[in-house]
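J.: Before I ask anything, here is the structure I am working with.
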Amino acid sequence: MKFWKFGLVSITIVSLSFGNCNPIKKSDPFSDNLLLLILLNALTNARELDCTFDPSSSDSLYADQWHLQNYGQLGGTTGEDARVKPIWDQGYSGNQVIVSVVDDGIDIRHEDLTANMSVSTRGLNLFNNTFNPSHSYINSFHGTSVGGVIGSSGGNGIGVRGAAPCSKLVGVNILEKSTIYTSDEYRAMVNESAKVFISNNSWGSPDLYGWLWPSNSLWQQGINEGVTFGRGGKGTVYFWAAGNGANGGTVASPVLVDNANYDGQANYYGVMAIGGIGQNGVKATYSESGANLWVVAHTQGNNATAYTTAISTTDASGGFGLNAGGTSGDYVFSSYTRRFNGTSSATPLAAGVAALLLSKYPNLSWRDVRELIAYSARQNDAADPDWTMNAAGLNINHKYGFGAIDATQLFVRANLWTPITAAFKAETMNSVSPGTSIPDNDLVTGASVAYPVSTSVTYIEYVDVEFTSNHTYFPELRITITSPSGTVSVLSEVHACRNPINNSGCTSGNTSIATMTGSSTYRFGLTRLLGENPNGSWTIRVFDGGAGDTGSIQTVRLRIYGR
Numbered sequence: 001m002k003f004w005k006f007g008l009v010s011i012t013i014v015s016l017s018f019g020n021c022n023p024i025k026k027s028d029p030f031s032d033n034l035l036l037l038i039l040l041n042a043l044t045n046a047r048e049l050d051c052t053f054d055p056s057s058s059d060s061l062y063a064d065q066w067h068l069q070n071y072g073q074l075g076g077t078t079g080e081d082a083r084v085k086p087i088w089d090q091g092y093s094g095n096q097v098i099v100s101v102v103d104d105g106i107d108i109r110h111e112d113l114t115a116n117m118s119v120s121t122r123g124l125n126l127f128n129n130t131f132n133p134s135h136s137y138i139n140s141f142h143g144t145s146v147g148g149v150i151g152s153s154g155g156n157g158i159g160v161r162g163a164a165p166c167s168k169l170v171g172v173n174i175l176e177k178s179t180i181y182t183s184d185e186y187r188a189m190v191n192e193s194a195k196v197f198i199s200n201n202s203w204g205s206p207d208l209y210g211w212l213w214p215s216n217s218l219w220q221q222g223i224n225e226g227v228t229f230g231r232g233g234k235g236t237v238y239f240w241a242a243g244n245g246a247n248g249g250t251v252a253s254p255v256l257v258d259n260a261n262y263d264g265q266a267n268y269y270g271v272m273a274i275g276g277i278g279q280n281g282v283k284a285t286y287s288e289s290g291a292n293l294w295v296v297a298h299t300q301g302n303n304a305t306a307y308t309t310a311i312s313t314t315d316a317s318g319g320f321g322l323n324a325g326g327t328s329g330d331y332v333f334s335s336y337t338r339r340f341n342g343t344s345s346a347t348p349l350a351a352g353v354a355a356l357l358l359s360k361y362p363n364l365s366w367r368d369v370r371e372l373i374a375y376s377a378r379q380n381d382a383a384d385p386d387w388t389m390n391a392a393g394l395n396i397n398h399k400y401g402f403g404a405i406d407a408t409q410l411f412v413r414a415n416l417w418t419p420i421t422a423a424f425k426a427e428t429m430n431s432v433s434p435g436t437s438i439p440d441n442d443l444v445t446g447a448s449v450a451y452p453v454s455t456s457v458t459y460i461e462y463v464d465v466e467f468t469s470n471h472t473y474f475p476e477l478r479i480t481i482t483s484p485s486g487t488v489s490v491l492s493e494v495h496a497c498r499n500p501i502n503n504s505g506c507t508s509g510n511t512s513i514a515t516m517t518g519s520s521t522y523r524f525g526l527t528r529l530l531g532e533n534p535n536g537s538w539t540i541r542v543f544d545g546g547a548g549d550t551g552s553i554q555t556v557r558l559r560i561y562g563r
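Heads up, the sequence shown is in the UniProt record's numbering, so the first residue is 1 and it goes up one at a time.
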């Protein structure tokens with residue numbers, strides 16, 4: 001599942017079945033406080049204890065964790081997994097790597113997580129303004145499940161294991177707040193960033209609306225500070241869930257609703273947006289495509305009724321959380337679940353793989369980690385027709401980014417990697433204001449704008465595309481951009497739009513962010529051009545997929561990140 005922040009600073013949307021109802025009333029009110037006190041007392045001179053993990057040892061539910069080792073045990077494709085076991089066998093399991101779980105809290109008392117809670121890094125609870133990141137509500141579980149995918153203890157004979165079973169977790173509880181302010185988002189991004197290697201974020205803008213959701217400047221500032229100053233200047237590595245809104249369900253045709261590039265957090269240069277694939281390597285129907293995707297990782301695929309294809313991980317302890325113990329289709333023991341899914345579970349799997357990498361190569365910068373993941377990604381679902389190659393020789397796909405994250409190939413690539421030493425540049429190009437009319441109801445010819453680029457950057461790491469239009473119904477627009485090297489990227493697709501008040505379709509009379517009327521500007525992100533040279537002539541093309549609503553291309557501006 002993916003929890004969503006509704007609007008810019010307003011309420012958190014959760015599904016009705018998992019909504020927050022009543023605060024937890026624990027039988028032992030001191031257990032959390034005692035554990036937290038132990039952790040906080042150790043902070044002054046603390047060093048994370050080394051962890052010993054024998055991959056041949058047992059965890060009672062490990063056989064269900066096909067995303068870690070898929071040998072067809074649950075009907076999936078043998079070898080279609082994160083390829084972590086060969087790395088474990090080499091002796092790398094995430095030791096000394098601290099991962100922040102920014103979510104609805106994390107159960108610090110959980111039998112399979114307690115040993116891996118960081119003793120050197122403070123948690124943060126924005127719900128009750130404490131350092132205790134534990135859940136406050138009976139049916140909160142999300143962060144505990146996310147944490148288990150990353151760093152559940154391995155080889156202890158119980159439960160599950162994480163992708164990085166020796167990594168250390170620190171919780172940030174932001175999603176239990178009924179009102180999430182921009183300052184909360186900033187604090188969540190920078191909490192203990194001097195120590196945090198990786199920040200996992202299985203949340204973002206609301207799914208299934210087809211709206212354009214900009215990110216706020218304070219959140220962006222937090223990301224900027226994290227990648228610039230985090231980890232002693234090496235940068236915190238941010239992972240972000242791409243979203244589960246690709247299939248609009250009951251929304252009127254066209255069914256496609258969301259694209260990961262409509263989320264102003266998932267398409268920001270400082271994060272890696274992660275999509276989801278199932279145990280056959282094919283995109284989960286709900287997983288959002290986008291020119292901003294970095295890679296995909298494994299989660300429940302397209303068999304929505306068979307929870308054996310979902311992810312087995314930790315659940316909030318006792319009768320709390322997703323599994324009350326014997327919940328239909330779930331384990332009889334309530335501290336674990338086999339029903340975790342969505343890009344919410346794919347994202348921590350990717351984060352766990354990155355933790356393995358940083359346990360061997362702790363001095364890699366955030367830029368090194370991103371590029372290593374891109375260059376080592378495996379071309380999954382090779383028959384998919386959208387696969388192409390960019391001018392730098394990287395396989396790219398709007399559904400899959402650079403492909404499926406692959407721990408084994410990541411280590412192979414890292415063994416030969418020369419760390420990036422060139423300064424990181426961000427150059428904003430001049431705006432062009434063509435005023436070009438967009439032909440109505442025309443998906444063939446469209447409107448075209450040439451955009452010249454001359455910059456000192458010769459190697460692209462990321463591109464922002466700012467697009468301004470006065471078109472009266474943005475969901476009708478298909479927007480593409482072609483780089484000087486000829487790589488074509490789709491920024492927006494013709495899609496349906498949902499009214500959040502009554503779930504009806506949107507209309508051109510709606511002047512909200514959803515329709516981008518009134519000369520609105522939106523920023524799209526591009527990862528697909530990694531390694532290309534940005535200098536030369538770019539082409540932006542805009543098509544109108546419906547009759548009656550019209551407008552023009554008012555301005556276009558590119559921001560080039562790279563070296």
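Beta carbons: idealized from backbone N, C-alpha and C, even for Gly.
For valine 101, write down the residues that DSSP places opposite it in a beta bridge.
T.: Paired residues: Gly171, Asn200.
J.: Kindly provide the ranges of any beta strand (DSSP E) runs that are 3 or more residues long and lie completely inside the UniProt domain "P/Homo B" (424-563), ordered along the chain.
T.: Entirely contained in the UniProt domain "P/Homo B" (424-563), the beta strand (DSSP E) runs reaching 3 residues are, in chain order, 425-428, 436-438, 442-453, 460-469, 477-482, 488-492, 520-526, 536-544, 551-562.
J.: Got a sec? Which residues, its chain only, sit under 8 Å from serine 469 by beta carbon, not counting five neighbours each side?
T.: Here the set comprises Ile438, Leu477, Met516, Ser519, Ser520, Val542, Gly551, Ser552, Ile553, Gln554.
J.: Which value, in whole angstroms, describes the spacing of the CA atoms of serine 328 and serine 334?
T.: Near 12 Å, if we compare the C-alpha coordinates of serine 334 and serine 328.
J.: Are there three or more Cβ pairs, one per stretch, closer than 8 Å when the stretch 499-506 is compared with the stretch 439-446?
T.: Because the criterion of three Cβ pairs below 8 Å is not met, the stretch 499-506 and the stretch 439-446 do not touch.
J.: Whole-angstrom Cβ separation of lysine 177 and phenylalanine 239, contact assumed at under 8 Å?
T.: About 21 Å separates the two Cβ atoms, so there is no contact after all.
J.: Residue range of the beta strand (DSSP E) that tyrosine 181 falls in?
T.: From DSSP, tyrosine 181 is part of no beta strand (DSSP E); its letter is neither H nor E.
J.: Please state whether DSSP places aspartate 28 in a helix, a strand or coil.
T.: Since pLDDT at aspartate 28 reaches only 42, below the 50 mark, its modelled position is unreliable, and the value read off the structure follows with that caveat. Coil, per DSSP.
J.: Does DSSP put histidine 110 in a helix, a strand or coil?
T.: In this structure, histidine 110 counts as coil in the three-state DSSP scheme.
J.: Histidine 298 bridges to which residues according to DSSP?
T.: Partner(s): Ile277.
J.: Put phenylalanine 239 into one of helix, strand or coil per three-state DSSP.
T.: Looking at phenylalanine 239 - three-state DSSP - the assignment turns out to be strand.
J.: Under the DSSP definition of a beta bridge, which residues are partnered with threonine 314?
T.: According to DSSP, which records beta bridges pairwise, threonine 314 is partnered with Tyr336.
J.: Between valine 101 and chain C, is the shortest Cβ-Cβ distance under 8 Å, so that the two count as touching?
T.: Here chain C cannot be found, since the structure has a single protein chain.
J.: Just the Cα atoms here: how many angstroms apart are serine 537 and asparagine 390?
T.: Going by the C-alpha atoms only, they are around 16 Å apart.
J.: Going straight from the alpha carbon of threonine 445 to that of asparagine 216, what length do you get?
T.: So the two alpha carbons sit approximately 35 Å from each other.
J.: Return helix, strand or coil for tyrosine 62, following the three-state DSSP convention.
T.: Here tyrosine 62 sits in helix by DSSP.
J.: Grouping DSSP H, G and I as helix and E and B as strand, with all else coil, what is arginine 122?
T.: Arginine 122 falls in the coil class under three-state DSSP.
J.: Which residue wins for smallest C-alpha separation from asparagine 323, given the options Gly264, Asn280, Leu394, Ser140?
T.: Answer by Cα proximity: Ser140.
J.: By Cβ distance, which residues of its chain are closer than 8 Å to isoleucine 24, with the 5 residues on each side in sequence left out?
T.: Any reading at isoleucine 24 needs caution, since the residue's pLDDT is 35, under 50, leaving its predicted position unreliable; the model's value is listed next. Only His135, Ser136, Tyr137, Ile138, Phe320 meet the Cβ criterion.
J.: Identify which residue in Tyr361, Ile460, Ile150 has its Cα closest to the Cα of phenylalanine 424.
T.: That would be Ile460, whose Cα lies nearest to the Cα of phenylalanine 424.
J.: Can you list, in chain order, the residues of its chain with a C-beta nearer than 7 Å to that of aspartate 104? Leave out the 5 residues immediately preceding and following it.
T.: Phe3, His135, Ser140, His142, Gly143, Asn173, Leu175, Glu176.
J.: With which residues is glycine 401 paired in a DSSP beta bridge?
T.: For glycine 401, which the question treats as bridged, DSSP gives the partners Asn397.
J.: Have a look at leucine 526 and glycine 290 and give me their C-alpha separation to the nearest angstrom.
T.: Each residue's alpha carbon lies about 9 Å from the other.
J.: If I follow the unbroken alpha helix (DSSP H) through alanine 374, where does it start and stop?
T.: First-last of the alpha helix (DSSP H) with alanine 374: 366-376.
J.: Once you ignore the five residues that flank tryptophan 219 on each side, which residues in its own chain have a CB closer than 8 Å to its CB?
T.: Cβ within range, chain order: Thr182, Glu185, Tyr186, Met189, Gln265.
J.: Closest by CA to threonine 482, which one among Val353, Val149, Leu529?
T.: Minimum Cα distance to threonine 482 is reached at Leu529.
J.: According to DSSP, simplified to helix, strand and coil, what is proline 23?
T.: At proline 23, the pLDDT of 34 sits below 50, so the modelled position is not reliable; the number obtained from the coordinates is stated separately. The answer is strand: DSSP assigns proline 23 an E or B state.
J.: Check whether the stretch 230-244 touches the stretch 382-399, taking contact to mean three or more Cβ pairs, one atom from each stretch, closer than 8 Å.
T.: With a cut-off of 8 Å, the stretch 382-399 and the stretch 230-244 do not count as touching, because too few Cβ pairs lie within range.
J.: What is the DSSP secondary structure of asparagine 247, reduced to helix, strand or coil?
T.: Strand.
J.: Counting along the chain, where does the alpha helix (DSSP H) carrying phenylalanine 411 start and finish?
T.: Unbroken alpha helix (DSSP H) run through phenylalanine 411: 407-415.
J.: Considering only their Cβ atoms, is the gap separating serine 120 from cysteine 166 smaller than 8 Å?
T.: Going by C-beta atoms, cysteine 166 is not nearer than 8 Å to serine 120.
J.: Would you kindly check if the distance between the Cβ of valine 255 and the Cβ of glycine 245 is under 8 Å?
T.: No, the Cβ-Cβ distance between glycine 245 and valine 255 is not below 8 Å.
J.: Can you list, in chain order, the residues of its chain with a C-beta nearer than 7 Å to that of glutamine 146? Leave out the 5 residues immediately preceding and following it.
T.: Contrary to the premise, residue 146 reads as valine rather than glutamine in this sequence. Excluding sequence neighbours, valine 146 sits near Val101, Asp103, Asn200, Ser202, Ser344, Pro348.
J.: Within 10 Å of its beta-carbon, does isoleucine 223 have 16 or more other beta-carbons around it, so buried, or fewer, so exposed?
T.: The residue is buried, with at least 16 neighbouring Cβ atoms inside 10 Å.
J.: Let me confirm a value: tyrosine 561 is counted as buried when at least 16 other C-beta atoms fall within 10 Å, else exposed. Which label applies?
T.: Its Cβ being crowded by 16 or more others within 10 Å, tyrosine 561 is buried.
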